[in-house]
Amino acid sequence: MKKTGLLLLISISFLCCAHAQTEKFKALYIYNFTKLIKFPESPDNSDFVIGVLGETPVNGELASIAATRKIENRNLVVRKITKPEDCNDCQIVFISDFKSSSIKAFSDYFEGKPVLLISESSQGLEKGAAINFLLVDQKLKFEINRARFDMNKLKVSSQLYELAENK
Amino acid sequence: MRIKYLLPLILFLLIAPSSFLLAQESQRDSIPMTKEQIQKLTYDQLLELPLDELMKVADIMGMSTDDLLQMFLNMKTGVASVKELSPRESPGILSIITDQEIRAMGARDLIDVLQQVPGFSFGVDVESVVGIGMRGVWGHEGKILLLLDGQECNELSYSTLQLGNHYPVDQIKRIEIIRGPGSVVYGGNAELAVINIVTFGAADNNGIRATATYGQLTHTYARRNLEISAGKALGALSLNANLFAGQGNRSDKVITDFYGQSYDMKGNSNVDPMMVNLSASYKGFSARFIADLYKTTQLDVNGAFLDPTYFKAIPTNFTSYLGELKYENDLSKKIRLGAAINYRYYNSWNVNESSLDQSLLDSTNAHYNQDYITAIQEKPTFRITGKINLSYTPTSKLNFLFGTEAYSETGLSNNPRSTYYDVNGHEIDRINYNDMALYGQGIFSLGIANLIAGVRMEHHSLVGNSVVPRIGLTRVFDRLHLKLLYSSAFRSPSIEVINLNRSIKPELTQVIELEAGYRITPSMLVTVNVFDNTINHPIIYMTDTTIIGETYYNAPSTGSRGIEVEYRLAKSGVGNLTVGYSFYSTAGKNKVEDYMAYSGNNLLNNVVLAFPQHKLAFHGSLKLSPHFSLNPSGFFLSERYGCIALDASENPIYGSYEPVFVLNLIIWADDLLKSHLSLGAGVYDLTQSGYAYVQPYVGRPPMPSPGREFVFKAAVKF
Chain A
0 MKKTGLLLLI
10 SISFLCCAHA
20 QTEKFKALYI
30 YNFTKLIKFP
40 ESPDNSDFVI
50 GVLGETPVNG
60 ELASIAATRK
70 IENRNLVVRK
80 ITKPEDCNDC
90 QIVFISDFKS
100 SSIKAFSDYF
110 EGKPVLLISE
120 SSQGLEKGAA
130 INFLLVDQKL
140 KFEINRARFD
150 MNKLKVSSQL
160 YELAENK
Chain B
0 MRIKYLLPLI
10 LFLLIAPSSF
20 LLAQESQRDS
30 IPMTKEQIQK
40 LTYDQLLELP
50 LDELMKVADI
60 MGMSTDDLLQ
70 MFLNMKTGVA
80 SVKELSPRES
90 PGILSIITDQ
100 EIRAMGARDL
110 IDVLQQVPGF
120 SFGVDVESVV
130 GIGMRGVWGH
140 EGKILLLLDG
150 QECNELSYST
160 LQLGNHYPVD
170 QIKRIEIIRG
180 PGSVVYGGNA
190 ELAVINIVTF
200 GAADNNGIRA
210 TATYGQLTHT
220 YARRNLEISA
230 GKALGALSLN
240 ANLFAGQGNR
250 SDKVITDFYG
260 QSYDMKGNSN
270 VDPMMVNLSA
280 SYKGFSARFI
290 ADLYKTTQLD
300 VNGAFLDPTY
310 FKAIPTNFTS
320 YLGELKYEND
330 LSKKIRLGAA
340 INYRYYNSWN
350 VNESSLDQSL
360 LDSTNAHYNQ
370 DYITAIQEKP
380 TFRITGKINL
390 SYTPTSKLNF
400 LFGTEAYSET
410 GLSNNPRSTY
420 YDVNGHEIDR
430 INYNDMALYG
440 QGIFSLGIAN
450 LIAGVRMEHH
460 SLVGNSVVPR
470 IGLTRVFDRL
480 HLKLLYSSAF
490 RSPSIEVINL
500 NRSIKPELTQ
510 VIELEAGYRI
520 TPSMLVTVNV
530 FDNTINHPII
540 YMTDTTIIGE
550 TYYNAPSTGS
560 RGIEVEYRLA
570 KSGVGNLTVG
580 YSFYSTAGKN
590 KVEDYMAYSG
600 NNLLNNVVLA
610 FPQHKLAFHG
620 SLKLSPHFSL
630 NPSGFFLSER
640 YGCIALDASE
650 NPIYGSYEPV
660 FVLNLIIWAD
670 DLLKSHLSLG
680 AGVYDLTQSG
690 YAYVQPYVGR
700 PPMPSPGREF
710 VFKAAVKF
């Protein structure tokens, strides 16, 4: 019993901040989505902002991408957010599973606005996300709510629909 | 080979060649990229990949050990509901174990994996076969369903499973376990638990992989196994073959029965597996064929050991051929159709008279032993099942499932020493039963919670009707999830049960479960569940040589209630840890005399024979460097009760067995030889705990586990 407790302590004490493989791919997918979705042009070439709600390693992964990449010649900025009002300048909002109960509030707030809402919750689409990550057969997939894209006036490449799990 | 054996193989071979032709066309769809090649890609190159290529890369890379918790939270599983839901909202108490965890713990066989799951315990049955108990109930005969790639592995004579170097654990991709009833969807063997094993398929193998395992005990080898898989996904076409062969000894210890007869288990307790698992799929069509040729030897036919001076170990075979043709596809966006034909053939508990010493079967021989004759069993069984189910999802908040199944099963006798009985008690060499089931289920997303309601109605041609409903509420908040479940389940009497008692009735179980899970941090999840399980009219085996011989009967009741806790921690770059605790109390529910435990002459109302009230198990992986990991695992079992001796009148004397703590440690070196090779080495039962499988009824002394075993594994993938 003492040995079991010791192992638990060792494991907890070694916790650090590296990121899991799935989170890396989620960030890569999100970056890739921007190539297949037409966001409104920015006349003043302002920043392309991705807001991240909740504690998630995806935030760090997106920040790594932002350090080296631009989107349509706009600087990529990744920002932690806590409420819808924090991201009036966001093009994308990623809501971690930890905050899945907030999806509906964000969806309502951004209804009709060209903001892409991405979630990773099992009922993400039903709550109002446009894209939802899920694991199928231990593989990272995503599903899409077409109506939500139409509602938020975002033009989407047909390729994105083809690649979605619920095409 | 008889035509019965060949039928599923022929079906498979009919599909496979045409699939190869189609493969030529679809080959252009595949990307010739290996894990090793992907690992050489820079981050910039990954960012440049178009989404479709990136998704293929993600598929090939799969999950890492760091993602285990993420998988548990975000994956979808249909094991408890058919419609895929996340584990936190599924209408069942679930445990999911991935290939990464199995591999990390250096699991030698399925016992090592299931030992980690709250609620499961193990006991020894006749002929040294190891079986499973669940939540303090002996589930060996027909109460726990094992599915291997969707094929039911419980044999048809007694509905048992046989554990011990039997199943190829290094070919397992994932095990989904319902720690509770699943009869509405899975029928009459899914009474206490469902163990759903998913092995690597074509897309996972994407080439060839092989694992060699060697285990050394003090006096002999414990196992020397080889698992080889080859598969390829070629566009819509997938072809896969998983092969497994090996040899093993259950232990190398000398054991003595209650009458003073001893034998050395070294060389007399063989567990030799051989399994072929072939599959092919094209679009919605799929075919599978599994040949399982598991062979054991033993000298303990009925608990009284045979004298090894005169008797050679008796070869006991557990042969099965399982075949399936299946179609599953979306008819529209709202309707999904599934249809399948299954064929199952078993020759289990098979002891061929020709394999025995003929002179010792002669009652005039000085060493003649009646047990030697009773071991003879030449009774193959087979079943053909047709299945259709329809899933209808009218809106995103509603799902309905309707299904029907019908089977015909037959038992044959190939030896007059082991026969069946007709209604008048006359010996016959063939029996046949039919069964038909209807089931339905609805899942309603009500906003405040998910409501799941379902029912199964089954009619067996001899034992009659079983009707089992279930209803559940699940709700996921941000960090918290809650489940409240009520399920009814049943055990359908198997061929041999009916053979010994044609008046037997199905047993019926009522289970109430409540689970709460809380995600403490993104890296930590804890789930706690309580259960109350009552089995009415359990089917119990009984021998009374003085009056009626052996039979089965419906006892008044048994059951248990208790609590289970599972804690998961996963942090990338560091490793992961899973700890499970379970407790049961029979709470006075057990009215089965054979299962009752005593302390001296005092009946214990909270515990049954063989199964510990408390179990704590853990497994973890600690990354020491990019190539090396340290993987401890182990379990603690509290005091267990059993028969420890017989008195002069051969009445049982009960006693208790000390608590045991088993500690295992495996070190893995990964990504050697350009990521093609992994090497593992370690030791199981490091401290020689003395762990043994106790019999859950009165019959024989405990059977030792392998004991300290030095384990070596080598895994290659190309």
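So the sequences go chain by chain: A and B. In terms of numbering that gives the first Met the number 0, the first sequence opens at residue 0 and continues consecutively. In terms of numbering that gives the first Met the number 0, the second sequence opens at residue 0 and continues consecutively. All C-beta atoms in this analysis are idealised placements derived from N, C-alpha and C, irrespective of residue type, glycine included.
Between Ala338(B) and Ile387(B) the beta-carbon gap is near 5 Å, inside 8 Å, which marks them as a contact. At a cut-off of 7 Å, the C-beta of Asn31(A) has a neighbouring C-beta in chain B.
The beta strand (DSSP E) runs lying completely inside the region 630-669 of chain B and spanning 3 residues or more are 639-645 and 651-656, given in chain order. Of all residues in the region 513-535 of chain B, only Arg518, Thr520, Pro521 and Ser522 place a beta-carbon less than 8 Å from a beta-carbon of chain A. For Ile383(B), the closest alpha carbon among the candidates Ser655(B), Ala374(B) and Asn431(B) is that of Asn431(B).
Bounds of the beta strand (DSSP E) holding Ala192(B) are Ala192 to Thr198. CA-CA distance, Ser41(A) to Phe93(A), rounds to 21 Å. Contact annotation: Thr550(B) and Pro537(B) have beta-carbon atoms that are not nearer than 7 Å. If you check the CB distance, Tyr653(B) and Tyr597(B) come in under 7 Å. In the same chain as Lys622(B), and ignoring 5 residues on each side of it, the C-beta atoms closer than 7 Å to its own belong to Gly572, Val573, Gly574 and Ser628, in chain order. Apart from the 5 residues on each side of it in sequence, Asp251(B) sits with its Cβ closer than 7 Å to the Cβ of Leu216, Thr217, His218, Thr219, Met264 and Lys265 in its chain, given in chain order. The beta carbon of Phe38(A) does not come within 7 Å of any beta carbon belonging to chain B, so the residue lies off that interface. For Gln122(A), there is no enclosing alpha helix (DSSP H), as DSSP marks it with neither H nor E. Boundaries of the alpha helix (DSSP H) harbouring Val184(B): Ser182 to Tyr185, taken from the DSSP string. Interface flag for Ser395(B) against chain A is set, since a Cβ pair is found closer than 7 Å. For Phe304(B), no beta strand (DSSP E) encloses it, and the DSSP letter there is neither H nor E. Cα atoms of Asn500(B) and Tyr552(B): separation of roughly 7 Å, rounded to the nearest angstrom. Glu657(B) does not reach chain A, its nearest Cβ partner there being about 14 Å away, counting only Cβ pairs nearer than 7 Å. With a cut-off of 8 Å on Cβ pairs, the region 251-261 of chain B is in contact with the region 702-712 of chain B, counting three or more such pairs.
With at least 16 other beta carbons inside 10 angstroms of its own, Lys172(B) counts as buried.
A distance below 7 Å separates the beta carbons of Glu506(B) and Ile534(B). In terms of beta-carbon proximity, Glu125(A) lines the interface with chain B, with at least one pair separated by less than 7 Å.
Neighbourhood of Glu88(B) in chain A, by CB distance below 7 Å: Ser121, in chain order. Contacts with chain A at 7 Å (Cβ-Cβ) do not include Leu355(B).
If the five residues before and after Gly245(B) are omitted, its C-beta is found closer than 7 Å to the C-beta atoms of Asn164, Arg222, Arg223, Asn224, Leu225, Asp271 and Pro272, all from its own chain and listed in chain order. Listed in chain order, the beta strand (DSSP E) runs fully inside the region 468-516 of chain B are 479-490, counting runs of at least 3 residues. Closest in C-alpha terms to Ala691(B), from the list Glu638(B), Asp669(B), His425(B) and Leu360(B), comes Glu638(B).
DSSP, read as helix, strand or coil, puts Lys82(A) in coil.
When the five nearest sequence neighbours on each side are left out, the beta carbons in the same chain lying within less than 7 Å of the beta carbon of Asn346(B) are those of Asn316, Thr318 and Pro379, in order along the chain. Leu45(B) belongs to the set of residues whose beta carbon lies under 7 Å from a beta carbon in chain A. Residue burial annotation: Ser362(B) is exposed, with fewer than 16 other C-beta atoms found within 10 angstroms of its C-beta. Exclusion of the five residues before and after Thr403(B) leaves Ile387, Ala436 and Leu437 as the residues of its chain whose Cβ lies within less than 7 Å of its Cβ. Membership of Gln246(B) in the beta strand (DSSP E) is indicated by the continuous run Leu236 to Gly247. For Arg102(B), the enclosing alpha helix (DSSP H) starts and ends at Asp98 to Ala103. The CB of Ser85(B) comes closer than 7 Å to the CB of Ser121 in chain A, given here in chain order.
One finds nothing in chain B with a Cβ atom closer than 8 Å to the Cβ of Arg147(A); even the nearest lies about 12 Å away.
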